[in-house]
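The numbering of the sequence shown is this note's numbering, which starts it at 13 and goes up by one.
Glycine included, every Cβ here is placed at the ideal spot set by N, Cα and C.
These numbers were taken from a predicted model, which means no experiment stands behind them.
Structure record follows, encoded as structure tokens.
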Amino acid sequence: MIVLSAVARDSVTPRANPLFRDRFTADPAPLVVGDRLYLYVGHDEAQRDEMFNMREWLVYSTTDMATWVDHGPIMKATDFAWAKGDAWASQAIAKDGRFWFYAAVEHDDTRPGKAIAVAVSDSPTGPFVDAKGAALVTNAMTPRGTHSWEDIDPTVFTDEDGTTWIAWGNRQCYIARLKPNMIEIDGDITEITPPHFEEGPWLHKRGALYYLTYASLDRSTHRDEKVSYATAPSLQGPWTYRGELTGSGKYSFTIHPGIVEFKGHWYLFLHNAALTIGDQNGAIGRRAVTVEHLQYNPDGSMQPVLQTEAGISVPAPD
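Spelled out as structure tokens, the structure:
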């Protein structure tokens, strides 16, 4: 049984990008449950010259991609007792009648570095609680990386055989199976780093192809992240680089893709830093979530996406 939140704030109805204009949001992660799309985002609260200040995750929902319901905060990073903070990128997935929420946080000093947490709820809007009582992935589990924040930006995907996979990373991209209990890694962690991978992986499938879409950065030529992607015949690869999907987000070093099919249409969620709220301009730690139409070519490749202010307020091109 799907349980909806009993408390939701007034609906917000954007006509163009960005979607939400009363607060700064980032790292969009869509989830379709029945006839409703839920969008999980981080809450940017950076002040003055702060780079990032993210304490909680929010969720919005819609049935028509026009009117969005604000369900408010669903969890704080410090709800994981072993975490210091940093409510970085997340994704939720439905399985076996429950909702599993995977997110990047900063571990306490017992296991320094970024870590991946997992929470669970009976409702897509929470409340979510720590499902494991410890990190699913810690920095010590991926020793190849040269910095302490490589274990971020989890993406989760359940394949047709019922097996759920998780991918994540910064500079290196990792993938692993999850055990049926959804709170333990099943087997080895494998590196699948595609060209120019920076962070923000997203797994999805369309037809016979698996897609790994991610924030990319060619440090020899690019100042800001773009979105690139690779495809494979299975989640175990081999992965073939397919090129760039988008340019950089306006005024933003980071970008974070989230892809979903909803009511017969495909959408690409992103973020930029083009929103101003009061006297606060967009910045690296004050971003805004956007959405664009996503279309595919007959060979399965994705058509390049131009980021616009109009977003999906105009029909998808033929």
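Counted within 10 angstroms of its Cβ, other Cβ atoms place residue 289 as buried (16 or more) or exposed: Translated into the one-based positions of the sequence shown, residue 289 becomes position 277. Residue burial is scored here from C-beta neighbours: residue 289 has fewer than 16 other C-beta atoms within 10 angstroms and is therefore classed as exposed.
Sub-8 Å separation of residue 116 and residue 165 beta-carbons: Walking along the sequence shown from the start, residue 116 turns up at place 104. Walking along the sequence shown from the start, residue 165 turns up at place 153. Going by beta carbons, residue 116 and residue 165 fall inside the 8 Å limit.
Contact under 8 Å by Cβ, residue 103 with residue 147: Taking the first residue of the sequence shown as 1, we reach residue 103 at position 91. Taking the first residue of the sequence shown as 1, we reach residue 147 at position 135. No; because the gap between Cβ atoms is not below 8 Å, this pair is not in contact.
Per-residue burial, residue 299 [other beta carbons within 10 Å of its own, 16 or more giving buried]: Looking up residue 299 in the sequence shown gives position 287. Residue environment analysis places residue 299 among the buried positions, since at least 16 neighbouring C-beta atoms fall within 10 angstroms of its C-beta.
Stretch pair the stretch 204-216 + the stretch 241-253: three plus CB contacts closer than 8 Å: Yes, since at least three Cβ pairs between the stretch 204-216 and the stretch 241-253 fall closer than 8 Å, the two stretches touch.
Option in 232, 219, 243 with minimal Cα separation from residue 226: Taking the first residue of the sequence shown as 1, we reach residue 226 at position 214. For residue 226, the nearest C-alpha among the options comes from 243.
Given 8 Å, three or more beta-carbon pairs between the stretch 132-139 and the stretch 164-180: No: fewer than three Cβ pairs fall under 8 Å.
Close Cβ partners of residue 73 (< 6 Å) along its chain, the five nearest in sequence each way excluded: Residue mapping note: residue 73 aligns to position 61 of the sequence shown, counting from 1. Within the same chain, and ignoring the five residues on either side of residue 73 in sequence, the residues whose Cβ sits closer than 6 Å to its Cβ are 48, 50, 81.
C-alpha gap between residue 278 and residue 330, whole angstroms: If you number the sequence shown from 1, residue 278 lands on position 266. If you number the sequence shown from 1, residue 330 lands on position 318. When rounded, the distance between both Cα atoms is 14 Å.
The stretch 230-238 touching the stretch 191-202, judged by at least three CB pairs closer than 8 Å: Touching, no.
C-alpha gap between residue 247 and residue 218, whole angstroms: For the purposes of this step, residue 247 is identified with residue 235 of the sequence shown, where counting begins at 1. For the purposes of this step, residue 218 is identified with residue 206 of the sequence shown, where counting begins at 1. Whole-angstrom Cα-Cα distance: 13 Å.
Element boundaries [beta strand (DSSP E), containing residue 213]: As a working note, residue 213 is residue 201 in the sequence shown. Counting along the chain, the beta strand (DSSP E) containing residue 213 begins and ends at 209-218.
Residue interval of the beta strand (DSSP E) (run including residue 292): Numbered from its first residue, the sequence shown carries residue 292 at position 280. Counting along the chain, residue 292 sits inside no beta strand (DSSP E), nor does DSSP assign it H or E at all.
Under the three-state DSSP convention, the category residue 164 falls into: Residue mapping note: residue 164 aligns to position 152 of the sequence shown, counting from 1. Here residue 164 sits in coil by DSSP.
At least 3 beta-carbon pairs within less than 8 Å: the stretch 64-73 vs the stretch 172-186: In this structure the stretch 64-73 does not lie against the stretch 172-186, because fewer than three pairs of beta carbons, one per stretch, are closer than 8 Å.
Rounded Cβ spacing between residue 88 and residue 99 (contact assumed at less than 8 Å): Sequence index remark: in the sequence shown, residue 88 carries index 76 (1-based). Sequence index remark: in the sequence shown, residue 99 carries index 87 (1-based). The beta carbons of residue 88 and residue 99 sit about 7 Å from each other, so the pair counts as a contact at 8 Å.
Test item: CB-CB of residue 161 and residue 199 under 8 Å: Reading the sequence shown from its first residue, position 149 is the one you call residue 161. Reading the sequence shown from its first residue, position 187 is the one you call residue 199. Cβ distance not < 8 Å, so residue 161 and residue 199 don't count as in contact.
Three-state secondary structure (DSSP) of residue 316: In the sequence shown, counting from the first residue as 1, residue 316 sits at position 304. If DSSP states are grouped into helix, strand and coil, residue 316 belongs with coil.
Alpha-carbon spacing of residue 318 relative to residue 295, whole angstroms: Walking along the sequence shown from the start, residue 318 turns up at place 306. Walking along the sequence shown from the start, residue 295 turns up at place 283. The alpha-carbon separation between residue 318 and residue 295 amounts to approximately 21 Å.
Contacts around residue 96, its chain only, beta-carbon distance under 6 Å, and the 5 residues preceding and following it disregarded: In the sequence shown, the residue the question calls residue 96 occupies position 84. Only 118, 120 meet the Cβ criterion.
With 16 other Cβ atoms within 10 Å as the buried cut-off, status of residue 61: The sequence position of residue 61 within the sequence shown is 49, counting from 1. Note on residue 61: under 16 other CB atoms within 10 angstroms of its CB, so exposed under the neighbour-count rule.
Close-in-space but distant-in-sequence residues of the same chain around residue 15 (CB under 8 Å, 5 per side omitted): Taking the first residue of the sequence shown as 1, we reach residue 15 at position 3. Only weak support exists for where residue 15 lies, its pLDDT of 39 falling under 50; the value from the coordinates is given anyway. So the qualifying residues of the chain are 134, 135.
Counterpart residues of residue 85 in DSSP-defined beta bridges: Taking the first residue of the sequence shown as position 1, residue 85 is located at position 73. BP columns for residue 85 point to 70.
Contact belief for residue 238 with residue 256 at Cβ below 8 Å, rounded distance in angstroms: Counting from one through the sequence shown, the residue named residue 238 turns up at place 226. Counting from one through the sequence shown, the residue named residue 256 turns up at place 244. That belief holds up - the Cβ atoms of residue 238 and residue 256 are roughly 5 Å apart, short of 8 Å.
C-beta atoms of residue 140 and residue 105 nearer than 8 Å: Stepping through the sequence shown from its first residue, residue 140 is reached at position 128. Stepping through the sequence shown from its first residue, residue 105 is reached at position 93. Against a cut-off of 8 Å, the Cβ pair of residue 105 and residue 140 comes out as no contact.
Same chain only: Cβ atoms within 8 Å of residue 322, ignoring 5 sequence neighbours per side: Locating residue 322 in the sequence shown gives position 310, counting from the first residue. For residue 322, where only same-chain residues beyond five positions count, the Cβ hits under 8 Å are 28, 29.
Own chain residues within Cβ distance below 7 Å of residue 107, not counting five before or after: What you label residue 107 is simply residue 95 of the sequence shown in a count that begins at 1. Spatial neighbours of residue 107 in its own chain (CB-CB distance under 7 Å, excluding positions within 5 residues in sequence) are listed in chain order as 170, 176, 194.
Distance CB(residue 261)-CB(residue 63) smaller than 8 Å: Translated into positions along the sequence shown, residue 261 becomes position 249. Translated into positions along the sequence shown, residue 63 becomes position 51. No, the Cβ-Cβ distance between residue 261 and residue 63 is not below 8 Å.
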